[in-house]
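There are 2 protein chains.
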Amino acid sequence: MTTKDTVIDLYPSRVEAQPRILERKDPVVYPNDFEGPLTKEDLSAYDADGYLFAEAFFTEEETAALQNELRRLLAESRGVRKPEIILEPEGDEVRSIFAVHRDNGLFRALSEHPKLVSAVRQILGSDVYVHQSRINFKPGFKGKEFQWHSDFETWHTEDGMPRMRALSCSIALSDNYPFNGPLMVIPGSHRHFVACVGETPENNYESSLRRQVFGVPDEGSLTWLVERSRIEQPAGRAGSIVFFDCNIMHGSNSNITPYPRSNAFFVYNSVENKLQAPFASQRPRPDYIATRE
Amino acid sequence: MTTKDTVIDLYPSRVEAQPRILERKDPVVYPNDFEGPLTKEDLSAYDADGYLFAEAFFTEEETAALQNELRRLLAESRGVRKPEIILEPEGDEVRSIFAVHRDNGLFRALSEHPKLVSAVRQILGSDVYVHQSRINFKPGFKGKEFQWHSDFETWHTEDGMPRMRALSCSIALSDNYPFNGPLMVIPGSHRHFVACVGETPENNYESSLRRQVFGVPDEGSLTWLVERSRIEQPAGRAGSIVFFDCNIMHGSNSNITPYPRSNAFFVYNSVENKLQAPFASQRPRPDYIATRE
Numbered sequence: 001m002t003t004k005d006t007v008i009d010l011y012p013s014r015v016e017a018q019p020r021i022l023e024r025k026d027p028v029v030y031p032n033d034f035e036g037p038l039t040k041e042d043l044s045a046y047d048a049d050g051y052l053f054a055e056a057f058f059t060e061e062e063t064a065a066l067q068n069e070l071r072r073l074l075a076e077s078r079g080v081r082k083p084e085i086i087l088e089p090e091g092d093e094v095r096s097i098f099a100v101h102r103d104n105g106l107f108r109a110l111s112e113h114p115k116l117v118s119a120v121r122q123i124l125g126s127d128v129y130v131h132q133s134r135i136n137f138k139p140g141f142k143g144k145e146f147q148w149h150s151d152f153e154t155w156h157t158e159d160g161m162p163r164m165r166a167l168s169c170s171i172a173l174s175d176n177y178p179f180n181g182p183l184m185v186i187p188g189s190h191r192h193f194v195a196c197v198g199e200t201p202e203n204n205y206e207s208s209l210r211r212q213v214f215g216v217p218d219e220g221s222l223t224w225l226v227e228r229s230r231i232e233q234p235a236g237r238a239g240s241i242v243f244f245d246c247n248i249m250h251g252s253n254s255n256i257t258p259y260p261r262s263n264a265f266f267v268y269n270s271v272e273n274k275l276q277a278p279f280a281s282q283r284p285r286p287d288y289i290a291t292r293e
Numbered sequence: 001m002t003t004k005d006t007v008i009d010l011y012p013s014r015v016e017a018q019p020r021i022l023e024r025k026d027p028v029v030y031p032n033d034f035e036g037p038l039t040k041e042d043l044s045a046y047d048a049d050g051y052l053f054a055e056a057f058f059t060e061e062e063t064a065a066l067q068n069e070l071r072r073l074l075a076e077s078r079g080v081r082k083p084e085i086i087l088e089p090e091g092d093e094v095r096s097i098f099a100v101h102r103d104n105g106l107f108r109a110l111s112e113h114p115k116l117v118s119a120v121r122q123i124l125g126s127d128v129y130v131h132q133s134r135i136n137f138k139p140g141f142k143g144k145e146f147q148w149h150s151d152f153e154t155w156h157t158e159d160g161m162p163r164m165r166a167l168s169c170s171i172a173l174s175d176n177y178p179f180n181g182p183l184m185v186i187p188g189s190h191r192h193f194v195a196c197v198g199e200t201p202e203n204n205y206e207s208s209l210r211r212q213v214f215g216v217p218d219e220g221s222l223t224w225l226v227e228r229s230r231i232e233q234p235a236g237r238a239g240s241i242v243f244f245d246c247n248i249m250h251g252s253n254s255n256i257t258p259y260p261r262s263n264a265f266f267v268y269n270s271v272e273n274k275l276q277a278p279f280a281s282q283r284p285r286p287d288y289i290a291t292r293e
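Chains as they are written, first to last, in UniProt numbering: chain X, 1 to 293; chain E, 1 to 293.
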């Protein structure tokens, strides 16, 4: 671990003029004895692919309650302007609502769900906390792309997350199909860090959450990753979950179908991996995007 | 059949202020005794669904020759400005090349391929001619959506095609995946005609081939069609083919993957269904978009 006194940047990005692919310097599954719902096979699949998909991780009752709350929250948020509510790049449709683990009772309870948290601990090998939470809506007809990216690249450069010891859970709250813009991942890409070019502009997050421009990997690196692997769409029904490593390359296509795509999104970070000063940005992002407590 | 003297518009569109869904007034498979590669089961599936998918319709040698010619044609077309070459909405990537059955030897031969033409005759029940041809390139990383549409809506309003007695063949010249923006269809939608709102602006085709704005069905009608059916992605490997009815509702999502998606596209019209004056447009579109001979 680096400390505040001796900060070594193991994953420099947005500092050079040319993109570069670096090897990962951290474990994927951290050795531990935590008990939880994941089997040995689950953990080795996660280690190899960088993600794990589980159908019906939550019960039908739990899922229905979350869907109701999601609908209520979406209706309540229409027309409201506050930083936590992000709109689609074109138009006024709500794209994401951040900090739901802080602001909403039911989603806070979900972020503390014992089955969920113990699975996360099995992977990260320590106690964990919520680094970021949000609900994503990909509306029918006009949901836009999320360009390919590694979350860690942003959390490292803009939030000061030192090591790769964090993961995301995407909990499906509507049925995913191959054609309504589901999550796409490049299995194995979590073992490579694509250093991106360009400097981070001040307050980049204000526009990057609508459409990302900085911290976007170059087409050459993406092709390199896909050529060595493949693309998968771990798309499931409402109530399913995808756990994915903080550094796996992922993105999603647009959605012109009438089927909206909604999910709840929690990022857990290890308590051993506390945030420091951002590695390539003037100021850390606000707390509703990256918990710094 | 209507004639030049007594033109009755069975499928009015772009004339009313409200969208409307009309029933189809024409057969899908026209009764006939033509011999060809399609079985009775193929023909009833086409009748019910409005499309038919066949893997490996062309041999590997034929497919390889077409792929080579496609690459040559794409390279040759870069930077060339002529009406037949359509660019992506944003940027200078080639999106389509029209009239390849007229301008290119190999694609002309493909449009006259006996297996292909006899299959088309089995469906349309008459001799046929090429109404339109093109090659589509959906480049990797930045291929944009094709919004949902019925081809017939445009051919009727802008080209003066009187009846639904035409079909398209999409011949895959690269491997299609669920995630690189393949064709999506709504099975059964070919039995309904969605009359669109708004008037056609003059020379609409000059922009509509890049991004369609007029003749776009409304979200209510699309939801109505999908609720009564489903969405399918008849995506196959290079050398596969999709035959689809002129009035089936179809579209495609964007493509952020590195895999480009290319196909050859032929529209065949029955010789009994000759073009007339456009039903909702000032002037017919030029010959490279709609053969009028």
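By construction, the Cβ of each residue, glycine as well, lies at the ideal position given by its N, Cα and C atoms.
7 Å Cβ cut-off: residues of chain E touching residue i
i: Ile8(X); result: Under the 7 Å cutoff, chain E gives no residues; its nearest Cβ is about 33 Å from Ile8(X).
i: Leu87(X); result: None at all; the shortest Cβ gap to chain E is about 19 Å.
i: Leu222(X); result: Pro258
Cβ-Cβ distance between residue i and residue j below 8 Å
i: residue 294(E); j: Arg24(E); result: Given that chain E is displayed from residue 1 to residue 293, the structure contains no residue 294(E) and the question cannot be resolved.
i: Val29(E); j: Leu10(E); result: no
i: Ile231(X); j: Ile171(X); result: no
i: Pro258(X); j: Gly143(X); result: no
i: Leu38(X); j: Ala99(X); result: no
i: Gln282(X); j: Gly160(X); result: no
i: Val128(E); j: Asn269(E); result: yes
i: Gly198(E); j: Phe214(E); result: yes
i: Phe53(X); j: Arg121(X); result: no
i: Gly91(E); j: Phe244(E); result: no
i: Glu158(E); j: Pro278(E); result: yes
i: Ala264(E); j: Leu66(E); result: yes
i: Tyr288(E); j: Pro83(E); result: yes
i: Ala280(E); j: Trp155(E); result: no
i: Asn68(E); j: Asn253(X); result: no
Beta-carbon proximity list for residue i, same chain, < 6 Å, skipping 5 on both sides
i: Gly251(E); result: Phe146, Gln147, Trp148 and Met184
i: Val194(E); result: Ile21, Pro217 and Ser221
i: Asp151(X); result: Cys246
i: Lys4(X); result: With a pLDDT of 48 at Lys4(X), under the threshold of 50, the modelled position of that residue is not reliable, and the figure given next carries that caveat. Same-chain partners within the cutoff: there are none.
Residues that residue i contacts on chain E, provided the C-beta gap is smaller than 9 Å
i: Met184(X); result: Phe179, Ile256 and Thr257
i: Ile231(X); result: Tyr177, Phe179, Asn180, Thr257, Pro258 and Tyr259
i: Val226(X); result: Thr257, Pro258 and Tyr259
Nearest-angstrom beta carbon gap, residue j and residue i [assumed within contact, 8 Å]
i: His131(X); j: Ala166(X); result: 6 Å
i: Arg81(E); j: Asp175(E); result: Going by Cβ atoms, the distance from Arg81(E) to Asp175(E) rounds to 31 Å, so no, they are not a contact pair.
i: Ile123(E); j: Tyr177(E); result: Ile123(E) to Tyr177(E), Cβ: 27 Å. No contact.
i: Ile86(E); j: Arg95(E); result: 5 Å
i: Arg163(E); j: Asp26(E); result: 5 Å
Neighbour list for residue i in chain X, Cβ cutoff strictly below 7 Å
i: Gln147(E); result: Ile256
7 Å Cβ shell around residue i - same chain, five flanking residues per side excluded
i: Asn255(X); result: Lys138, Gly140, Gly143, Asn180, Gly181 and Arg261
i: Val7(E); result: Gln276
i: His101(X); result: Phe107, Arg108, Ser111, Val130, Ser133 and Phe266
i: Ala56(X); result: Gly239 and Ser240
i: Glu293(E); result: none
i: Lys40(E); result: none
Partners in chain X for residue i, counting only beta-carbon separations shorter than 8 Å
i: Glu219(E); result: Gly140, Phe141 and Pro258
Contacts of residue i in chain X (Cβ-Cβ under 9 Å)
i: Ala251(E); result: It should be noted that the sequence gives Gly, not Ala, for residue 251(E). Within chain X, the residues near Gly251(E) are Ile256 and Thr257.
Near the ligand ZN: residue i beta-carbon under 7 Å from a heavy atom
i: Pro27(E); result: In the structure shown, the ligand ZN is absent, as is every other ligand, since no ligand is present at all.
Same chain, Cβ closer than 8 Å to residue i, neighbours up to 5 away in sequence not counted
i: Ala17(E); result: Val197
i: Ser229(E); result: Ile186, Pro187, Gly188 and Ser189
i: Pro19(X); result: Val194, Ala195, Cys196, Val197, Pro217, Asp218, Gly220 and Ser221
i: Val226(E); result: Ile186
i: Asn104(E); result: Glu69 and Leu73
| Any alpha helix (DSSP H) of 4 or more consecutive residues that is wholly inside the region 83 to 127 of chain E | 100 to 103, 105 to 111 and 114 to 124
| field | Complete beta strand (DSSP E) runs within the region 25 to 66 of chain E (minimum length 3 residues, chain order) | value | 51 to 54
| field | beta strand (DSSP E) runs contained entirely in the region 118 to 173 of chain X, provided each spans 3 or more residues | value | 128 to 138, 146 to 149 and 166 to 172
| request: For the region 242 to 273 of chain X, list the beta strand (DSSP E) runs that are entirely contained and at least 3 residues long, ordered along the chain. | output: 250 to 252 and 261 to 270
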